[in-house]
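**Q**
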Amino acid sequence: MTVRIDQTGCIGSGQCVLAAPDVFDQSDSSGLGLVLIAEPPAELLPGVRDAVDRCPAQVVSLEE
Amino acid sequence: MSEAAVCPVPHENRTHPLGAPAGFEEAISNGPVKMLWPNGVQAWVVSSYAGVRQVLSDSRFSANKEGAPEMRTEGEQILGLPQPGNMNVMDGDEHLRLRRPLSRAFMVKRLNEMRPRIQEIVDQHLDEMERRGEPADLVASVCLPVPSLVIAELLGVAPEHQALFQATAKEMLGKNGSKAEYEAKAAELGAVLAKVVDEKKASGSTDDLIGLMVNDTDFEMDELLMLAIGLLVAGHETTSNFFGLFTLTLFENPDQLAVLKRDPSRADVIVEELLRYTIGKLGGAGIARRALEDVEVDGVTIRAGDWVTVSSHANLDEQLCPHAGELDLERRAVPHLGFGFGPHQCLGANLARAELQILLRTLFTRFPNVRPAIPVAEMAFREDMITYGATAIPVVWS
Chain A
-15 MTVRIDQTGC
-5 IGSGQCVLAA
5 PDVFDQSDSS
15 GLGLVLIAEP
25 PAELLPGVRD
35 AVDRCPAQVV
45 SLEE
Chain B
-11 MSEAAVCPVP
-1 HENRTHPLGA
9 PAGFEEAISN
19 GPVKMLWPNG
29 VQAWVVSSYA
39 GVRQVLSDSR
49 FSANKEGAPE
59 MRTEGEQILG
69 LPQPGNMNVM
79 DGDEHLRLRR
89 PLSRAFMVKR
99 LNEMRPRIQE
109 IVDQHLDEME
119 RRGEPADLVA
129 SVCLPVPSLV
139 IAELLGVAPE
149 HQALFQATAK
159 EMLGKNGSKA
169 EYEAKAAELG
179 AVLAKVVDEK
189 KASGSTDDLI
199 GLMVNDTDFE
209 MDELLMLAIG
219 LLVAGHETTS
229 NFFGLFTLTL
239 FENPDQLAVL
249 KRDPSRADVI
259 VEELLRYTIG
269 KLGGAGIARR
279 ALEDVEVDGV
289 TIRAGDWVTV
299 SSHANLDEQL
309 CPHAGELDLE
319 RRAVPHLGFG
329 FGPHQCLGAN
339 LARAELQILL
349 RTLFTRFPNV
359 RPAIPVAEMA
369 FREDMITYGA
379 TAIPVVWS
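As they're listed, the protein sequences go chains A and B.
Letter by letter, the first sequence follows residues -15 to 48 in the numbering used here.
Letter by letter, the second sequence follows residues -11 to 386 in the numbering used here.
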């Protein structure tokens, strides 16, 4: 289970941070999404899936 | 379909002030439909959850309105195109170049830092409303001034210019404003902002949005001014209307208002459901895109060159959540389309969330008996503006 953000399309909306604050953050210098935990434990996966769904730029992915 | 249905005029034809224009829900019930707009353009209306997400995120649908003056907003028509700094009509990299640097000012953590200040502004306005006594107009006392002050602080503009922002916003969003009136207001605001820009240049500050644009982006001056004006307008008009509409929705659904009062700490989740439901119920078709090539959406082929608009009614689609047509404040937050979707999704969404959460929680905690002084159906709604909202919301609380 690997979480990724494709930075080329990220708009820095922060939806991933709202969905899973333990897994995602935003870069202070660019505002764009950052993955804090690339291999999150099972209990954080629902939030990650929510982030995948919510991301308006559709750049968050979870490879199962 | 061979004959285009006539699009009900948005805003002006609602049977209930919190419902869709008459005939709209029936017209869209069988999937994408071509409607004839009052401006003479035939445009598809897409209203399914999946369809709206597709139209707003697929790069084969363009936001560019060059060569199509009839599809521009009133403000865009008055100004003419191209407008440097109008992100709303840009695609791809051109759009990202302007949009991305702004995201820093709207980061979740940055807005969390702003919450105590937003709370303070809300408290001050509720104090003042209480001091003046009932009945009070919630729109004038709270809905309008709070978001206006908050966006001014986020941008880094002194609050004494607030009245000017509101007047300019009215000219920019009003449907009847003349070009001369609009230009006069925009010039006045531009002059104020130009001074602010000089101050930020001198100080080198990047603590607020204008400072950030001035000192840490490659934006040209005309882009920067247009962005600042756009953000000021967008930042106070929309949040202000929706706080009013949310309050009215709660007044009309007392069992749901009880859910908020029972546990105001859930204001974050409750705001998401109010965004989903209230915006969904208003329906109507807003944002327009143009197909760059043939694209299939919800089983119909949209031809290259066709206009497509999306309806917020998608928020009531059962694909999104069960019993989607009902307001259910006990529901977990679902990925609604209240702020749109795709690269143009509302830039200020997280700011609006913070403001709406604090406003709702504080209003109903501090005035648990707050209620409308006249029936909601008898209240006046602004139909002269592109954004929709109550003109006044008379309330009592004792």
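Note that beta-carbon positions come from the ideal geometry of N, C-alpha and C, so glycine has one too.
1. Decide if the segment 254 to 270 of chain B is in contact with the segment 320 to 332 of chain B; the criterion is three or more beta carbon pairs, one per stretch, under 8 Å apart.
2. Report buried or exposed for B/D305, applying the criterion of at least 16 other Cβ atoms within 10 angstroms of its Cβ.
3. Just the chain B side, please: which residues come within less than 7 Å of A/L2 by C-beta, in chain order?
4. Tell me which residues share the same chain as A/V1 and place their Cβ nearer than 8 Å to its Cβ, disregarding the 5 neighbours each side in the sequence.
5. Check whether the Cβ of A/A55 lies closer than 8 Å to any Cβ atom in chain B.
6. Who are the near neighbours of A/C(-6) in its chain, counting only those whose CB is closer than 8 Å to its CB and skipping five residues on each side?
7. Within 10 Å of its beta-carbon, does B/G293 have 16 or more other beta-carbons around it, so buried, or fewer, so exposed?
8. Does B/P104 come out as helix, strand or coil in the three-state DSSP assignment?
9. Taking A/Q(-1) and A/R38 to be in contact with their CB atoms under 8 Å, please state how far apart those CB atoms are, rounded to whole angstroms.
10. Against chain A, with Cβ distances strictly below 8 Å, would B/M(-11) count as a contact?
11. Our contact map puts B/M117 next to B/V130 with C-beta atoms below 8 Å; I'd like the distance itself, whole angstroms only.
12. With 8 Å set as the bound, which would you pick, yes or no: does the beta-carbon of B/A337 sit closer than that to a beta-carbon of chain A?
13. Got a sec: which bits of the segment 326 to 351 of chain B sit with their beta carbon under 9 Å from any beta carbon on chain A, in order along the chain?
14. Going by C-alpha to C-alpha distance, which of B/L270, B/A302, B/G336 sits closest to B/Q42?
15. How would you write the range of the beta strand (DSSP E) that B/M367 sits in, first residue to last?
16. How far does the beta strand (DSSP E) with B/I139 in it reach, from first residue to last?
17. Counting only runs that start and end within the segment 261 to 310 of chain B, where is the beta strand (DSSP E) found for 3 or more residues in a row?
18. To which residues does DSSP link B/W32 through a beta bridge?
19. Where A/I(-11) and B/V202 are concerned, what is the direct C-alpha to C-alpha distance, given to the nearest angstrom?
20. Alpha carbon to alpha carbon, what distance is there between B/I198 and B/A216?
21. In the structure shown, what three-state DSSP assignment does B/S(-10) receive?
**A** Concretely, from the data shown:
1. yes
2. buried
3. V96
4. F8, D9, Q10, G17.
5. Outside the shown range of chain A (-15 to 48) lies residue 55 of chain A, about which nothing can therefore be said.
6. L16, G17, A41, V43
7. exposed
8. Three-state result, B/P104: helix.
9. 4 Å
10. Confidence in B/M(-11) is poor, its pLDDT being 38 and thus under 50, which makes the residue's placement unreliable; the coordinate value appears in the next sentence. For B/M(-11), the answer is no, since every Cβ of chain A falls outside 8 Å of its Cβ.
11. 7 Å
12. yes
13. F327, G328, F329, G330, P331, H332, Q333, C334, L335, A337, N338, R341
14. B/A302
15. Careful: B/M367 lies outside any beta strand (DSSP E) and carries neither H nor E.
16. Unbroken run through B/I139 is the alpha helix (DSSP H), 133 to 143; no beta strand (DSSP E).
17. 273 to 279, 283 to 285, 288 to 290, 295 to 299
18. B/K22, B/V296
19. 29 Å
20. 7 Å
21. Model confidence at B/S(-10) stands at a pLDDT of 41, short of 50, so the residue's coordinates are unreliable; what they give is reported in the following sentence. Of the three classes helix, strand and coil, the one that applies to B/S(-10) here is coil, per DSSP.
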